[in-house]
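Below is one structure; the comments refer to it alone.
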Amino acid sequence: NVSCRSLLRQLLDKLEEDGKCRPTDEDADTESMLDIISRCLKNDKALIVFDRTELLEKSDESQELPMILSTLLYDTKQVKVVLTGRNPLGQPSIGGQVEHPFNLGPLNFANSVRLFANLCPHLHTPSERGLFFTELVNECKEHSDCYPQDAIMNERSRSIFSMVGDGAPAKIEKAAYSISKEDLRTFAGGHT
């Protein structure tokens, strides 16, 4: 359950952990947390990342995020904010700043396999993840720089690409967490 309040709480917890501010009441409202965060970062140089903001789109709080960002950007001097999400906010100005959306395409084959290996709960150690990555990428070496739409991929490379989410990070995450241990062994040639 993602909310603007939970995003601010996470940021405030991180500032507390780093010794930038004193611990605050867990029940603090959004306005109070935003005030504390703004005071803590007033003259600090910081990059704040709010991840997966598309989860707020259908909530009652969808209009609260631009207001929070506006306050944060007005009240601080050197804070920059990166939002990850499926869609831009679409606001002409946020805190005197203009939104600059960057549309990212899919990951290539090798990076898709790497992300899948890093997320998959059946691959427990760095060496298991590395072995999985190396075996699949070496097996499909001529396609490691290919993208899902590239016609030159053979059937095996295309099936692996599909299994790991076709280059879309959200699909890769879903594939990594939903694959069975048996299916993972099948794709990795039984070496996992």
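Using our numbering, the first residue of the sequence shown is number 36, and each one after it goes up by one.
For each residue, glycine too, the CB sits at the ideal point set by N, CA and C.
Residue i, DSSP secondary structure in three states
i, result
"Lys112", "coil"
"Leu82", "strand"
"Gln239", "Residue coverage of the chain in this structure runs from 36 to 227, which leaves residue 239 outside it and unanswerable."
"Val172", "helix"
"Val148", "helix"
Residue closest to residue i, alpha-carbon to alpha-carbon, out of the options
i, options, result
"Cys181", "Phe196, Glu170 and Val116", "Phe196"
"Asp86", "Leu100, Asn78 and Val133", "Leu100"
"Glu92", "Leu47, Leu124 and Leu50", "Leu124"
"Ala63", "Leu154, Gly140 and Gln45", "Gln45"
"Ser213", "Cys155, Ser179 and Asp70", "Cys155"
"Glu134", "Thr119, Asn143, Pro141 and Ala211", "Thr119"
"Asn189", "Asp60, His178 and Cys75", "His178"
Residue i to residue j span [Cα, whole Å]
i, j, result
"Val114", "Glu89", "22 Å"
"Glu66", "Ser41", "12 Å"
"Ile228", "Arg193", "In the structure as shown, the chain begins at 36 and stops at 227. Residue 228 is therefore absent and cannot be evaluated."
"Leu82", "Leu107", "12 Å"
"His157", "Asn173", "21 Å"
"Gly130", "Phe137", "19 Å"
"Ala223", "Leu43", "41 Å"
"Val117", "Asp218", "36 Å"
Cβ neighbour criterion (16 or more within 10 Å) applied to residue i
i, result
"Ile72", "buried"
"Leu69", "buried"
> Below 8 Å, can you find three or more Cβ-Cβ pairs linking the stretch 203-217 to the stretch 145-160?
Replying inline: These segments touch.
> Just checking, does the stretch 108-126 make contact with the stretch 154-172 on the three C-beta pairs under 8 Å criterion?
Replying inline: Flag = no, the stretch 108-126 and the stretch 154-172 do not touch.
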